[in-house]
Amino acid sequence: MNTKKRDRVYFWMIFPAFAGFTVLYLLPTAMSFLYSLTNWSVYNAQLRFVGLRNFQKIFTDVKTVAALVHSIKYAILITICQNVLAVLLAVLLNRKSRAANFVKSVTFLPAVLSIMVVGYLFQYIMTSADGGLLNRIIEWFGGKPVNWLGDADIALYSVLITQVWQWTGWSMVIYIANLKSIDASLYEAADMDGAGSVQKFFRITLPLLYPAISFNILMSLIGGMKMFDAVFVMTKGGPGYATETIMTTVIREGFSSGRNAYACAFSVVFFIVVFLFSQTLTYVFNRWEEAIRA
Amino acid sequence: MTLKKAAGRAGYGIFLISVLLIMIIPIYYLLVTTFKTPAEAAASPLGLPVQITFENYRKAIEAMGYGRALKNNLVIAVSSVSLLIIFASMSAYVIARSTNRLFRLMNSVFMVGLIIPFQISIIPLYKMLAGVNLMNTHTAVILVDVFCINLPLSIFLMRGFIHTVPVELEEAALIDGSGTFQCFWRIIFPLLKPILSTVAILDMLAIWNDFMTPLLLLQSSEKQVLLQQVYKNVGPFSTDWTSFFPMLVMATLPLVLFYLVMQKQIIEGVVAGAVKG
Amino acid sequence: MRKKAISFVICAAMAAGCLPGTQVYAQDGQEVVKLRMMAYNAESARATYLQYLADKLPGIEIEFEFVSTDNFDNVLNSQLQAGEGPDIIEVGGQTKLLARAGYLMDLSDQEFIGKYSDSGLQAYTVGEGVYAEPLQSWFEGIFYNKKMFEENGISVPKTWDEFIEIHKTLEEKGIKAQTMGAQSYEPMMKQSIGLVNNLFYSDSANMAFDEKFNEGEGKLEEAWLPAVQEWYKIIEAGCLNAEMLGLSYDQALDEFATEKAAMWECGPWAVETILEKNPDIDLGMFPIPGTDGEKPGWLVGGPGSAWAINAKSEHMEEALQVLEVTSTEEAQQALAKDNAGSSFVKGVEIDLGDIYADCEEAFKEGNVYAPWTAVWTNGNAVTESYGKSLQEVLSGSKDVQQALADADMTNADLLEALE
Numbered sequence: 094m095n096t097k098k099r100d101r102v103y104f105w106m107i108f109p110a111f112a113g114f115t116v117l118y119l120l121p122t123a124m125s126f127l128y129s130l131t132n133w134s135v136y137n138a139q140l141r142f143v144g145l146r147n148f149q150k151i152f153t154d155v156k157t158v159a160a161l162v163h164s165i166k167y168a169i170l171i172t173i174c175q176n177v178l179a180v181l182l183a184v185l186l187n188r189k190s191r192a193a194n195f196v197k198s199v200t201f202l203p204a205v206l207s208i209m210v211v212g213y214l215f216q217y218i219m220t221s222a223d224g225g226l227l228n229r230i231i232e233w234f235g236g237k238p239v240n241w242l243g244d245a246d247i248a249l250y251s252v253l254i255t256q257v258w259q260w261t262g263w264s265m266v267i268y269i270a271n272l273k274s275i276d277a278s279l280y281e282a283a284d285m286d287g288a289g290s291v292q293k294f295f296r297i298t299l300p301l302l303y304p305a306i307s308f309n310i311l312m313s314l315i316g317g318m319k320m321f322d323a324v325f326v327m328t329k330g331g332p333g334y335a336t337e338t339i340m341t342t343v344i345r346e347g348f349s350s351g352r353n354a355y356a357c358a359f360s361v362v363f364f365i366v367v368f369l370f371s372q373t374l375t376y377v378f379n380r381w382e383e384a385i386r387a
Numbered sequence: 017m018t019l020k021k022a023a024g025r026a027g028y029g030i031f032l033i034s035v036l037l038i039m040i041i042p043i044y045y046l047l048v049t050t051f052k053t054p055a056e057a058a059a060s061p062l063g064l065p066v067q068i069t070f071e072n073y074r075k076a077i078e079a080m081g082y083g084r085a086l087k088n089n090l091v092i093a094v095s096s097v098s099l100l101i102i103f104a105s106m107s108a109y110v111i112a113r114s115t116n117r118l119f120r121l122m123n124s125v126f127m128v129g130l131i132i133p134f135q136i137s138i139i140p141l142y143k144m145l146a147g148v149n150l151m152n153t154h155t156a157v158i159l160v161d162v163f164c165i166n167l168p169l170s171i172f173l174m175r176g177f178i179h180t181v182p183v184e185l186e187e188a189a190l191i192d193g194s195g196t197f198q199c200f201w202r203i204i205f206p207l208l209k210p211i212l213s214t215v216a217i218l219d220m221l222a223i224w225n226d227f228m229t230p231l232l233l234l235q236s237s238e239k240q241v242l243l244q245q246v247y248k249n250v251g252p253f254s255t256d257w258t259s260f261f262p263m264l265v266m267a268t269l270p271l272v273l274f275y276l277v278m279q280k281q282i283i284e285g286v287v288a289g290a291v292k293g
Numbered sequence: 004m005r006k007k008a009i010s011f012v013i014c015a016a017m018a019a020g021c022l023p024g025t026q027v028y029a030q031d032g033q034e035v036v037k038l039r040m041m042a043y044n045a046e047s048a049r050a051t052y053l054q055y056l057a058d059k060l061p062g063i064e065i066e067f068e069f070v071s072t073d074n075f076d077n078v079l080n081s082q083l084q085a086g087e088g089p090d091i092i093e094v095g096g097q098t099k100l101l102a103r104a105g106y107l108m109d110l111s112d113q114e115f116i117g118k119y120s121d122s123g124l125q126a127y128t129v130g131e132g133v134y135a136e137p138l139q140s141w142f143e144g145i146f147y148n149k150k151m152f153e154e155n156g157i158s159v160p161k162t163w164d165e166f167i168e169i170h171k172t173l174e175e176k177g178i179k180a181q182t183m184g185a186q187s188y189e190p191m192m193k194q195s196i197g198l199v200n201n202l203f204y205s206d207s208a209n210m211a212f213d214e215k216f217n218e219g220e221g222k223l224e225e226a227w228l229p230a231v232q233e234w235y236k237i238i239e240a241g242c243l244n245a246e247m248l249g250l251s252y253d254q255a256l257d258e259f260a261t262e263k264a265a266m267w268e269c270g271p272w273a274v275e276t277i278l279e280k281n282p283d284i285d286l287g288m289f290p291i292p293g294t295d296g297e298k299p300g301w302l303v304g305g306p307g308s309a310w311a312i313n314a315k316s317e318h319m320e321e322a323l324q325v326l327e328v329t330s331t332e333e334a335q336q337a338l339a340k341d342n343a344g345s346s347f348v349k350g351v352e353i354d355l356g357d358i359y360a361d362c363e364e365a366f367k368e369g370n371v372y373a374p375w376t377a378v379w380t381n382g383n384a385v386t387e388s389y390g391k392s393l394q395e396v397l398s399g400s401k402d403v404q405q406a407l408a409d410a411d412m413t414n415a416d417l418l419e420a421l422e
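Protein chains in written order, with the numbering used here: chain A, 94 to 387; chain B, 17 to 293; chain C, 4 to 422.
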């Protein structure tokens, strides 16, 4: 059979997916870019071109800039916390023992719960009301209660803790699988050289975890940037604007206040940030890979 | 030496127990509270309930319209996952097997979706779905779940797998005279079973736990999913938190059962999702 | 085979997803029309009224959708933008915006509108048109636990300073005086506006300010500042504290209902839940006091919410029937039963009950006002911005002047978006 005929069949096989993707993903994305240059609002029928005014407003509005900063801060912190913990857990739990296996599956469990359910659960655990479980545990140990979600300086980190709790297991199983693929003879060789376990970890384990690390970091970073559910149910962006993120702001401005064009413009800023992040990471990882291979 | 070993083992035991406690206390708290009265919960949050009563659950199930919401979840999840498997496997096959520049290009376009979250297009997307009268329909949620959220990763995973399937099988079938399309469904598709289950599991988790899409697209309570029912029962002007924790449990129960039964496959799926790339 | 099975599953699932609601017939074979009613007051706060509607209008089945205020504008705006949405909408501060954008049906020609007093209709009037039918008035004051007041020899405060004193007296005895679910931006916003009512709007000349504010001329930062600074004393005195930012509405209600706190600012819709949690509580409410002890104080409120009809509704006839029935005395009484408030239908007197006895003077003087629902065009967004900034005031990172300036800025931004 000739290639031409085969390609025609191929075309019709890929077409439904591509058409759907174009219409539902690419087109609205392009529209977001276009609308960001207009005055589009729920309460306003007349669409006008306003140039870059929406962008100008974004960077002069402290609330919006704060939301951007929170998202970036959150994304970077969750990437670090989640991955450091997951690598540690993976190294320590990667054994053939029943107990370790059990702990492994329990650690993964929260990942199948919805973020929203975890958010509500921790809202009750972290409340400053009398029944707040976390504060009661702290007081039982003789500590002072903390206003986890109501203190503007802490609230974002409290939300972060719940998400680290939920997602570390997910990253961990990926690291464990990667660890299993590392050739045991490398460690034996290191033992002969008299290397300690810390040295072995940095000389062998960490470099060879490269595939899992690059994947996990990229995923946590992007996931962190688009964080919405947890904040939405735990703090509603508050107190004040202390936990507003990019997505909560887009939803508030775009749907509640009806400033669609402004929300679109903020989406475009979001796009640029994510794009820069992923490009930088890809570059860094490529250099790292070259270094390892060399 | 043995002393050091024993200390090491004890240390390891303490480590295991502390991880276990951190992971399990919140879940235990969630479960145990559902059987208590508010006074009981306040008096000893971690104590065992005085008596096991399912009254709170009964109330929760009623307030959530549980049967209806669960059905909605299933309709959305099963349709989305089926569509994803069909569309993604065909696309991945074409991308994996053809050297045509057009399909290469399409592949790069799909991969944009891996990096750039669809949320940036949410407002125009919303307007568009409304424009074609899909607002407040499951179809809208299914379309977004399939094309905006899960398609790129599904294609990516399947493409990686198809590369490992030997081409010779198809060539033999083609010589037998079956067309490209039949050949895919008869020969290739059945071989994809391992990756299909990976993709189905990952997509299932993502779709079931997605709160924002139904929140924005489904308005009438007849159409809403479990998480929306939970959401509706909090917030000002409606306070009944004794039946609120059972709602959280009931909303996640299907997935937790799914996890308990399919634990091995789910974890393998997550791992395959990361490593096959 | 497998392919068939899959395609069958998809078809079945898609069909289930797309099927329109099946027709339902009433007993006499007459077709029942389903009306969607979207509201931010829960079904329990309307139970008697809804039952009354069901009895009166057997041909109409009301599908009541509760959406909490946090998310109400989100959900509503998105549906209306889509040319969809409920047939009957509970509207408040957003009425004027929605009416201007053409989403609501003009009711001014309807006979039943004539039964309402002008004060009830003012908030829903744009130009010549009336776009909603007011339900009972809403109001918020300070709920207090009568028993706890008596035991500690405290009487209802007449001035803001006395109010602050009460906190100190109670707190010296180790009793939490006031609880507040300040995790939401609403309670501080409303309580401070209670002071603004006392010190600013009580002068009828100042009522004109709100129209100017809509034009973008008046500034809260100038007009409201003295009143809000007076309110701020309660924070200075430590009676409201940053701890409360970690409390939700539910948790605050719980503290008040279980007698862990003596006072809580809220409105009649909470009474049922309070009594459910603690049937023995002896409940009272007093208005938010001002600086002059001779005057009765003010409540925050007004013609709170109202029914509007979606201009794109397919069941206008039936929706109008519902509004018509709502304007009858029986329906008004039924509304007040679950959510106490006075009626705007001329000649209908509603007995609010003992809980509100301390507010009687304030009601008589007409001391109930909420500028953002009554007059402001961008009421909801501006009060949200103001309330969120007050949270920052409570946590100590802003002062009240900045909070008011933030609200002014939000107003300016939204007015600009309307241009």
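We treat Cβ as the ideally placed atom computed from N, Cα and C, and that holds for glycine.
Along chain C, which residues have their Cβ under 9 angstroms away from the Cβ of B:Ala-146?
Ser-81, Gln-82, Gln-84, Ala-85, Gly-86, Glu-87
- Whole-angstrom distance between C:Lys-179 and B:Ile-77, CA atom to CA atom: 36 angstroms
Please list, in chain order, the residues of the stretch 306 to 320 of chain A that have any C-beta partner in chain C closer than 8 angstroms. none
Whether B:Ser-189 touches B:Ile-203 by CB criterion (8 angstroms):
According to the sequence provided, residue 189 of chain B is Ala. The question's Ser does not apply to it. Using a Cβ distance threshold of 8 angstroms, B:Ala-189 and B:Ile-203 count as a contacting pair.
Can you say whether A:Arg-101 is buried or exposed, counting buried as having 16 or more other CB atoms within 10 angstroms of its CB? exposed
**Asked** Is there a Cβ from chain A that is less than 8 angstroms from the Cβ of B:Asn-152?
**Response** no
Q) Taking Cβ-Cβ distances below 7 angstroms as the criterion, which residues of the stretch 380 to 403 of chain C are in contact with chain A? A) Ala-384, Lys-391, Ser-392, Gln-394, Glu-395, Ser-398, Ser-400
Jot down the residue ranges of each uninterrupted alpha helix (DSSP H) in the stretch 103 to 147 of chain A, minimum 4 residues, whole runs only, in chain order.
120 to 128
Checklist line | Interface residues of chain B facing C:Arg-39 [CB-CB closer than 8 angstroms] | finding: Ser-236
Chain B contacts made by the stretch 61 to 77 of chain C, where a contact means CB separation under 9 angstroms | Glu-66, Phe-67, Glu-68, Phe-69, Val-70, Ser-71, Thr-72, Asp-73, Asn-74, Asn-77
Quiz item: Any C-beta of chain A sitting closer than 8 angstroms to the C-beta of B:Leu-86?
Solution: no
* Under 8 angstroms by Cβ, that's how I've got A:Val-257 and A:Ile-171 pegged, so tell me the actual separation to the nearest angstrom. => 6 angstroms
Margin query: When you compare the CB positions of C:Val-303 and C:Ala-373, do they come within less than 8 angstroms of one another, or not?
Written below: yes
- request: Inspect the beta-carbon positions of A:Gly-176 and A:Asn-309 and report whether they are closer than 8 angstroms.
  value: Just to set this straight, residue 176 of chain A is Asn in the shown sequence, not Gly. For A:Asn-176 and A:Asn-309, yes; Cβs fall inside 8 angstroms.
ask   = Under the DSSP definition of a beta bridge, which residues are partnered with C:Tyr-372?
value = C:Val-303
(message) Could you check whether A:Gly-331 and C:Gln-181 sit closer than 8 angstroms to each other, using their CB atoms as the reference points?
(response) no
Query raised in the report: Straight-line CA distance for C:Lys-349 to B:Val-97?
Result: 58 angstroms
- request: With 7 angstroms as the limit, tell me which residues of the stretch 237 to 266 of chain A have their beta carbon closer than that to any beta carbon of chain B; keep them in chain order.
  value: Trp-263, Val-266
**Report entry** Minimum Cβ-Cβ distance from B:Lys-20 to chain C less than 8 angstroms
**Finding:** no
TODO: Anything in chain A within Cβ reach of C:Gly-132, meaning under 7 angstroms, just list it in chain order.
DONE: Within chain A, no residue comes near C:Gly-132; the closest Cβ sits about 16 angstroms away, beyond 7 angstroms.
Which of helix, strand or coil does DSSP assign to A:Ile-269? In the three-state reduction of the DSSP assignment, A:Ile-269 falls in the helix class, which pools H, G and I.
query: Got a sec? Which residues, its chain only, sit under 8 angstroms from A:Leu-253 by beta carbon, not counting five neighbours each side?
result: Tyr-167, Leu-170, Ile-171, Cys-174
State yes or no: is the beta carbon of B:Gly-293 nearer than 8 angstroms to at least one beta carbon in chain A? Low per-residue confidence applies at B:Gly-293: pLDDT is 45, beneath 50, and the placement is therefore not dependable, though the value from the model is reported in the following sentence. By the rule that beta-carbons nearer than 8 angstroms mark a contact, B:Gly-293 touches chain A.
Practice problem: Using DSSP bridges, identify the partner residues of C:Val-94. | Solution: C:Ala-309
Inter-residue spacing [alpha-carbon to alpha-carbon] between A:Ser-274 and B:Ala-26:
28 angstroms
| request: Check each candidate in A:Phe-294, A:Leu-161, A:Asp-246, A:Gly-262 and name the one with the smallest Cα separation from A:Ala-277. | output: A:Phe-294
message: Along the stretch 348 to 378 of chain A, where does the CB come closer than 9 angstroms to a CB of chain C? Name the residues.
response: Phe-348, Ser-349, Ser-350, Gly-351, Arg-352, Asn-353, Ala-354, Tyr-355
(message) Less than 7 angstroms between C-beta atoms, sequence neighbours within five positions excluded: which residues of the same chain meet that for B:Ala-104?
(response) Leu-167, Ser-170, Ile-171, Met-174, Val-215
Item to complete: Whole angstroms is fine: what's the gap from A:Ile-208's alpha carbon to A:Asp-322's?
Response: 6 angstroms
Backbone CA spacing between B:Ser-124 and A:Asn-132 [nearest angstrom]: Going from the Cα of B:Ser-124 to the Cα of A:Asn-132 covers about 33 angstroms.
**OP:** Compare the C-beta of A:Asn-176 with all C-beta atoms of chain C and state if any pair is closer than 8 angstroms.
**Re:** The C-beta of A:Asn-176 comes no closer than 8 angstroms to any C-beta of chain C.
Self-check item: Under 7 angstroms by beta carbon: chain C residues contacting A:Ser-221
Solution: Neighbours of A:Ser-221 on chain C, chain order: Glu-246, Gly-249, Leu-250.
_Environment of A:Arg-345 [buried if 16+ CB atoms lie within 10 Å]_ = Buried.
Q. Do you know how far the Cα of C:Ala-415 is from the Cα of A:Gly-333?
A. 20 angstroms
Assigned exposure category for B:Leu-62 - 16 Cβ within 10 Å defines buried:
exposed
Any beta carbon from chain A within less than 8 angstroms of C:Ala-420's own beta carbon? C:Ala-420 has a beta carbon lying within less than 8 angstroms of a beta carbon in chain A.
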